[in-house]
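Trainee:
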Amino acid sequence: MDRNFARALALVLKSEGGWSDNPADPGGATMKGVTLASFRRYVKADATKADLRAISDAQVATVYRRFYWDAVLGAELPDGVDHAVFDFAVNSGPGRAAKYLQAAVGVAQDGRIGPVTVARPRQSRPV
Numbered sequence: 007m008d009r010n011f012a013r014a015l016a017l018v019l020k021s022e023g024g025w026s027d028n029p030a031d032p033g034g035a036t037m038k039g040v041t042l043a044s045f046r047r048y049v050k051a052d053a054t055k056a057d058l059r060a061i062s063d064a065q066v067a068t069v070y071r072r073f074y075w076d077a078v079l080g081a082e083l084p085d086g087v088d089h090a091v092f093d094f095a096v097n098s099g100p101g102r103a104a105k106y107l108q109a110a111v112g113v114a115q116d117g118r119i120g121p122v123t124v125a126r127p128r129q130s131r132p133v
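The opening position of the sequence shown corresponds to residue 7 in the working numbering, with each subsequent residue numbered one higher.
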């Protein structure tokens with residue numbers, strides 16, 4: 007179901023805005039929802055704020071894929087569930103998104119999506 011990443015990313019980016027560098031924001035400098043710390047971690051270790059402002063679409067996708075999509079096993083979740091959990095992860099963190107999915111499908115809430123969590127939404131679909 008990894009084919010859904012591009013579509014889910016496009017939907018998430020509609021609400022992620024452009025450049026922000028508000029001193030009151032704990033995330034610091036951010037472009038398209040990507041913080042400077044995440045950009046340095048996943049794309050360019052010595053990146054500057056100027057580099058972040060010039061982030062390419064491919065670099066944005068790299069950060070979102072590695073930090074959020076892969077962390078919640080988006081490629082393994084059913085259509086629709088993948089986007090909802092991915093969007094939640096972007097806004098609240100992958101661990102919290104995993105716990106809420108686990109609560110919704112009735113499995114132990116350990117904050118890590120694994121085979122049991124992935125299988126349960128398919129079993130829980132209404133008939």
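From the three backbone atoms N, C-alpha and C, an ideal C-beta is built for every residue, glycine too. Note that the structure is predicted; figures quoted are calculated from it, not measured.
#1: Per the DSSP calculation, S26 is bridged to which residue(s)?
#2: Round the Cβ separation of L42 and A53 to the nearest angstrom and send it over; I've been treating them as touching at under 8 Å.
#3: Taking all protein chains shown into account, decide if R71 is buried (16 or more other Cβ within 10 angstroms of its Cβ) or exposed.
#4: Please determine, among G101, A125, P127 and R128, the residue with the shortest C-alpha to C-alpha distance to D116.
#5: Once DSSP output is grouped into helix, strand and coil, what is the label at T54?
#6: Kindly list the residues whose CB is nearer than 7 Å to the CB of Y74, restricted to its own chain and excluding five residues on each side of it in sequence; keep chain order.
#7: Should A35 and D27 be called a contact, given that it needs their Cβ atoms to be closer than 8 Å?
#8: Ordered along the chain, which non-local residues of its own chain (more than five positions away) have a Cβ less than 7 Å from that of A67?
#9: With DSSP as the reference, identify every bridge partner of T41, one or two as the case may be.
Mentor: Quick answer:
#1: For the purposes of this step, residue 26 is taken as the residue at position 20 of the sequence shown. DSSP output for S26 lists T36 as bridge partner(s).
#2: As a first step, residue 42 is located in the sequence shown; it is residue number 36 there, counting from the start. As a first step, residue 53 is located in the sequence shown; it is residue number 47 there, counting from the start. With a Cβ gap of about 7 Å, L42 and A53 count as contacting.
#3: Translated into positions along the sequence shown, residue 71 becomes position 65. R71 is buried by the Cβ-count criterion.
#4: One-based indexing of the sequence shown puts residue 116 at position 110. Here the closest residue by C-alpha is G101.
#5: As a working mapping, residue 54 is identified with position 48 in the sequence shown. Coil.
#6: The residue you call residue 74 lines up with position 68 of the sequence shown. Answer for Y74: F92, A95, V96 and P100, listed in chain order.
#7: Along the sequence shown, one-based indexing puts residue 35 at 29. Along the sequence shown, one-based indexing puts residue 27 at 21. Judged by beta-carbon spacing, D27 lies within the 8 Å limit of A35, meaning their Cβ atoms are closer than that value.
#8: The sequence position of residue 67 within the sequence shown is 61, counting from 1. Taken in chain order, the residues that qualify are L15.
#9: Numbered from 1 along the sequence shown, position 35 holds the residue referred to as residue 41. The partner list for T41 (beta bridge, DSSP) reads T36.
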